[in-house]
Amino acid sequence: MNWQQIDECARAWLKEAGARIRETFAQQLTIQTKSNRKDLVTNVDKETEQFFIAHIKNKFPQHRVLGEEGFGDDIGALDGTVWIIDPIDGTMNFIHQQRNFAISIGIFHNGVGQLGYIYDVVHDELYSAQKGKGAFLNDSPLPRLQPVSISEAIISLNTTWVIDNARIDPSILTPLVKAVRGTRSYGSAALEMAYVAAGRLDAYMTMRLSPWDFAGGLIIVEEVGGVVTNIYGEPLQLLEQNSVLVAKPGLHKQIVKQYIRK
Numbered sequence: 001m002n003w004q005q006i007d008e009c010a011r012a013w014l015k016e017a018g019a020r021i022r023e024t025f026a027q028q029l030t031i032q033t034k035s036n037r038k039d040l041v042t043n044v045d046k047e048t049e050q051f052f053i054a055h056i057k058n059k060f061p062q063h064r065v066l067g068e069e070g071f072g073d074d075i076g077a078l079d080g081t082v083w084i085i086d087p088i089d090g091t092m093n094f095i096h097q098q099r100n101f102a103i104s105i106g107i108f109h110n111g112v113g114q115l116g117y118i119y120d121v122v123h124d125e126l127y128s129a130q131k132g133k134g135a136f137l138n139d140s141p142l143p144r145l146q147p148v149s150i151s152e153a154i155i156s157l158n159t160t161w162v163i164d165n166a167r168i169d170p171s172i173l174t175p176l177v178k179a180v181r182g183t184r185s186y187g188s189a190a191l192e193m194a195y196v197a198a199g200r201l202d203a204y205m206t207m208r209l210s211p212w213d214f215a216g217g218l219i220i221v222e223e224v225g226g227v228v229t230n231i232y233g234e235p236l237q238l239l240e241q242n243s244v245l246v247a248k249p250g251l252h253k254q255i256v257k258q259y260i261r262k
């Protein structure tokens, strides 16, 4: 498999797609809801996914695509080479803020992550990784993550999970929120994973993510020594929704042991 060629194509397509998205900022968006009023999709999400699929199928016809907006293949297993794509992660931010969103791509071969990309379109920051070759922010290598104590940690956590909700007892996470130095929420899982990889955050936790939300970030974070599992410390299921805990080494174990497993 020529991963260098695939990497070069992915980078070029990401930059082109990003430029196309920036050009839409002055345009009127077509906005629709999906599962609920907070689950939004725009014409730009759909057009961006179709842009990637057209290029992938033309250049690598044997590759398959799993995309959030459903224009890719019907995938029941990760045999062969599969691109997992979120054309705009953080659509609500894209609509309301025109920032704090990203394109996320994870490329897997026989179920193993090989290439990961998170492109912050507005800031022109491309987080990338190739398995076994480290991770980068644009052209600068990202250093290996170093341990941090819970009392000094900044974690990203949506407030949904510390109030009444259907997925976790909020009393489980409230002590963690009190123990850490600070909490943040950016509204884009891909960017929050990228920020952990870059050391801007120490951990990120959520109770529900789809594969396209975490596929790119999984590869990037692991290349700098971070740990990515569900909240119970178990491996993620790459074709299902998961709870997700992303954290620096040591901190991940502390959170699971002291705050989740009781």
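Per the UniProt record's numbering, numbering through the sequence shown is continuous, rising by one, with the last residue being 262.
Each residue gets a CB set at the ideal place from its N, CA and C atoms; glycine is no exception.
- request: Compute the beta-carbon to beta-carbon distance between L145 and G199, rounded to the nearest angstrom, for a pair I have assumed lies under 8 Å.
  value: On the sequence shown, residue 145 is found 145 positions in, with the first residue counted as 1. On the sequence shown, residue 199 is found 199 positions in, with the first residue counted as 1. Taking 8 Å as the upper bound for CB-CB distance, L145 and G199 are in contact here, some 7 Å apart.
query: Which residue spans inside the region 83-135 form an unbroken alpha helix (DSSP H) run of at least 4?
result: Here the runs fully enclosed are 91-96.
Nearest-angstrom Cβ-Cβ length linking A203 and A153, presumed shorter than 8 Å: On the sequence shown, position 203 is the one that residue 203 refers to. On the sequence shown, position 153 is the one that residue 153 refers to. In this structure A203 touches A153 by the C-beta definition: roughly 6 Å separates them, less than 8 Å.
task: Could you check which residue in I85, Q27, D74, D79 has the C-alpha nearest to that of H55?
output: Counting from one through the sequence shown, the residue named residue 55 turns up at place 55. Comparing Cα-Cα distances from H55 to each of I85, Q27, D74, D79, the minimum goes to I85.
- request: Please confirm if the region 89-100 is in contact with the region 163-180, defined as three or more CB-CB distances below 8 Å between the two stretches.
  value: Verdict: no, contact absent.
task: Kindly list the residues whose CB is nearer than 6 Å to the CB of S128, restricted to its own chain and excluding five residues on each side of it in sequence; keep chain order.
output: Locating residue 128 in the sequence shown gives position 128, where the first residue counts as 1. Within the same chain, S128 has close Cβ partners Y117, F136.
field: Where G199 sits in the DSSP three-state scheme
entry: Sequence index remark: in the sequence shown, residue 199 carries index 199 (1-based). The answer is coil: DSSP assigns G199 none of H, G, I, E or B.
field: Opening and closing residue of the beta strand (DSSP E) in which A247 lies
entry: Walking along the sequence shown from the start, residue 247 turns up at place 247. Taken as a continuous stretch (DSSP letters only), the beta strand (DSSP E) holding A247 covers 242-247.
message: Between which residues of its own chain and Q241 is the CB-CB distance below 6 Å, once the five residues before and five after are set aside?
response: Here residue 241 refers to the residue found at position 241 when the sequence shown is read from its first residue. Residues R208, S210 of the same chain have their beta carbon placed closer than 6 Å to that of Q241, with the five preceding and five following residues left out of the count.
query: Apart from the five residues just before and just after D45, which ones in its own chain have a Cβ nearer than 7 Å to its Cβ?
result: Mapped onto the sequence shown, residue 45 falls at position 45. These residues qualify, in order along the chain: E69, P87, I88, T91.
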